[in-house]
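Here is the structure we will look at.
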Amino acid sequence: MMMNHSLKSLCNLAQGTAIRGKWHGQHYTVIKQLGYGANGVVYLVRTADGQAALKMSDNASSVTSEVNVLKSFTKVQGSALGPSLLDVDDWEQGGGQTSFYVMEFIKGPDLLSFIQQKGHDWLGVLILQLLSDLEGIHRNGWVFGDLKPENLIVTGPPPRVRCIDVGGTTLKGRAIKEFTEFFDRGYWGMGSRKADETYDLFAVAMVMINTAYPKRFAKKGGGTDQLMPLVRQSELAKYAVVIEGALTGRYQSASEMRSSILQVLQPARKKRAAADSKRAATRTARGAASQQKKSGGFGETLLIIAVISMLYFFYIYVQIL
Amino acid sequence: MKTGTLKQVLLITDGCSNQGEDPIAMAALAKEQGITINVIGVMEEDVIDDQGLKEIDGIAMAGGGVSQIVYAQQLSQTVQMVTRKAMTQTLQGVVNRELKQILGGTGTMEDLPPEKRGEIMEVVEELGETVQLEVLVLVDTSASMKHKLPTVKEALLDLSLSLNARSGDNRFSVFAFPGKREEVEKLLDWTPRLESLSSVFSKLAVGGITPTGPAIREAISYFEKKRSLRSLLSRDDESFFEESV
């Protein structure tokens, strides 16, 4: 993407540049540039309390709109949905005014680099973490939108994936604000650009595909006809069912897709058990997690789940009466 | 706030005009009538010369819109981004005018402390989601654009996908210039779906002249005609820009 002139000049702030907020008077010193996109530049800055990330844009409305998203995330207690927001202000320089906001600096490699360094075994775990976060975002009424490895940072240790760029985050039911073609359902001709849970889950599947094809690839016909063979002939083969499910919108929620991945990662599964526990396992992710702990007590767990769901259905039945 | 219709022209070109009226003046004329002109300059390996760049920037500035220079491969994402950005810009202009009435003085969003901007931005975004949008696409089909036209078509289909995800209504029309006999040629009449565009680009005669100015003038009149027809049916539709509620 080519930038316009005003953004270009914002991109070249030298190390040591002092930024002072017009409204709140906070001082920030530029350490280095962390990245830039169509909508702004992010700098690593030094503040009175240590390091932080500062995003500035020539487009004040995009700053305001992202701040709105981050603020709404902060309202969700004890969650780590996005970086926490530290300050919002304007910087007056050279006769003009530039809007910026300061957020927590999330340090670490992006998802692709992390998996390339540590091995593909990490993919499942990180995607499980990501899906828990997405579940939180969705429950909060938002859809992340521009989900891609560059926007996923693995912090740690212990490794934990975090989403960093809320530029595409959109209220459910609206049109997706910002997206990247490779991860976009519309580009692949597999659905609309209306913000819903399945839009994000599609992007999660494409993030998984991206880990096997780091160079990405262009659309040739699109649809599952192009994508699924690529999945099956790569190290993602074991996830094929999950990926296909997410691409075709079969999962209605992040937790549903999460349970499905847990099932894939669960070794030593009997066919019969896999078949009839499918519904039970998708119902409670916790059930699946406890199976992991005690690999011997699988039948026992199944029994408990069955009893609980029977009681549950009985309860519902009574309630309806 | 009553929502009206946003009117946009999306001009897709690869260089300088060489015939007829000054396109920048025509863009200014459009703006006077509440129509925004956005320009996308499409490059391939060739680079657009300075004069072309200046003209592209100038048209968008005079037309109150957004301009962007891209390589052909990035056209799809750019077309939707430019259209959205221009919508936000126009809506914000309307909201700013409201603020001015309420607050007095210069009264733009930037004059408010950052804490207060959030709610205003929510209004702008809500409007962007629900407002009715009319996009007239004006495609330069002069010789040098010929092999970029398939990409342009794809980008337009993609645009329709993006905009149709909104809850507000959309109407598109597509014009090419130069036309076979006239300066502009209508390829697609107002429609909510751009998908019907598939075949129209194939029957284009690709010529050597680039009458950007006359093309913009014609485009405006097309909004005009439609508006006067529509005003017979509903009179309250067009007050959004001129008076802003």
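In order, the protein sequence lines correspond to chains A and B. Per the numbering used here, the first sequence starts with residue 622, numbered consecutively. Per the numbering used here, the second sequence starts with residue 1010, numbered consecutively. For every residue, glycine included, the Cβ atom is placed at its ideal position computed from N, Cα and C. Given the structure is predicted, the values throughout are model-derived calculations rather than measurements.
Once DSSP output is grouped into helix, strand and coil, what is the label at residue i?
i: B:I1021; result: strand
i: A:H648; result: strand
i: A:K643; result: coil
i: A:G717; result: strand
i: B:R1180; result: strand
i: A:K692; result: helix
i: B:E1191; result: coil
i: B:K1063; result: helix
i: B:L1158; result: helix
i: A:G908; result: Caution applies to A:G908, whose pLDDT of 48 falls short of 50 and renders its modelled position unreliable; the model cannot decide the point.
i: A:K914; result: Per-residue confidence for A:K914 stands at a pLDDT of 48, beneath the threshold of 50, marking its modelled position as unreliable; the derived number appears in the next sentence. DSSP places A:K914 in helix when its eight states are reduced to three.
i: B:D1167; result: helix
i: B:D1120; result: helix
i: A:F726; result: coil
i: A:A635; result: coil
i: B:M1090; result: helix
i: B:S1243; result: Annotation note: pLDDT 46 at B:S1243 (below 50); position unreliable, coordinate value reported separately. In the structure shown, B:S1243 sits in coil (DSSP, three-state: anything other than H, G, I, E or B).
i: A:Q873; result: coil
i: B:F1186; result: strand
i: B:L1147; result: strand
i: A:T791; result: strand
i: A:D846; result: helix
i: B:K1125; result: helix
i: B:I1218; result: coil
i: B:N1047; result: strand
i: A:T801; result: coil
i: B:F1250; result: The predicted model places B:F1250 with a pLDDT of 45, which falls under 50 and marks its position as unreliable, so this point remains unresolved.
i: A:R667; result: strand
i: A:V939; result: helix
i: A:I774; result: strand
i: A:Y834; result: coil
i: A:D587; result: In this structure chain A extends from 622 to 942, so residue 587 of chain A is not present and cannot be described.
i: A:L655; result: strand
i: B:D1031; result: coil
i: A:I929; result: helix
i: A:Y860; result: helix
Run down chain B in chain order and give the residues with a C-beta less than 7 Å from the C-beta of residue i.
i: A:T685; result: R1126, G1127 and M1130
i: A:S881; result: Residues of chain B passing the Cβ test: none, with the nearest at roughly 27 Å.
i: A:N689; result: G1127, M1130 and E1131
How about residue i and residue j: are their beta carbons less than 9 Å apart?
i: B:L1015; j: B:V1140; result: yes
i: B:V1193; j: B:I1021; result: no
i: B:L1170; j: A:G807; result: yes
i: B:Q1077; j: B:M1096; result: no
i: B:G1222; j: B:G1029; result: yes
i: B:F1181; j: B:L1197; result: yes
i: B:V1048; j: B:I1229; result: no
i: B:K1195; j: B:Y1231; result: yes
i: B:V1104; j: B:V1133; result: yes
i: A:F800; j: A:G766; result: yes
i: A:W763; j: A:T719; result: no
i: A:L675; j: A:V690; result: no
i: B:L1100; j: B:G1074; result: no
i: A:A796; j: B:L1166; result: no
i: A:L883; j: A:L868; result: no
i: A:A758; j: A:L747; result: Reading off the sequence, residue 758 of chain A comes out as Ile, not Ala. No, Cβ-Cβ distance for A:I758 and A:L747 is not below 9 Å.
Counting only Cβ pairs nearer than 9 Å, list the residues of chain B close to residue i.
i: A:G842; result: In chain order: nothing, as chain B lies at least about 14 Å away.
i: A:K692; result: G1127
Starting from the beta carbon of residue i, find every residue of chain A whose beta carbon is closer than 8 Å, and list them in chain order.
i: B:L1170; result: G807, S813 and R814
i: B:R1175; result: R795 and A796
i: B:P1122; result: W644
i: B:E1119; result: A681, D711, Q718 and S720
i: B:Q1101; result: S682
Given that residue i touches chain A, what residues does it touch there, using C-beta distances under 7 Å?
i: B:E1134; result: S686
i: B:Q1086; result: E802
i: B:T1097; result: S682
i: B:M1154; result: Those do not exist, as B:M1154 stays about 19 Å from chain A at its closest Cβ, beyond 7 Å.
Since residue i and residue j should fall inside the 8 Å C-beta cutoff, what is the C-beta to C-beta distance between them, to a whole number of angstroms?
i: A:L773; j: A:D817; result: Rounded, the Cβ-Cβ distance is 20 Å, inconsistent with contact.
i: A:D708; j: A:Q647; result: 6 Å
i: A:P770; j: A:N831; result: 6 Å
i: A:G789; j: A:M811; result: Not a contact, Cβ separation roughly 18 Å.
Would the C-beta of residue i count as close to the ligand NAP, meaning under 8 Å from any of its heavy atoms?
i: B:Q1086; result: No copy of the ligand NAP appears in this structure; indeed no ligand is present at all.
Below 9 Å on C-beta distance, what does residue i contact in chain A?
i: B:E1138; result: L792, G794, R795 and A796
Using 8 Å as the threshold, is the segment 715-728 of chain A in touch with the segment 846-860 of chain A, meaning 3 or more CB pairs across them? Touching, no, given that fewer than three Cβ pairs across the two stretches are closer than 8 Å.
- prompt: Hey, is the segment 919-936 of chain A in contact with the segment 784-800 of chain A, meaning 3+ C-beta pairs nearer than 8 Å?
  reply: Short answer: they don't touch.
- [ ] Would you check if there are 3 or more beta carbon pairs closer than 8 Å linking the segment 1035-1047 of chain B to the segment 1067-1074 of chain B?
- [x] Verdict: yes, contact present.
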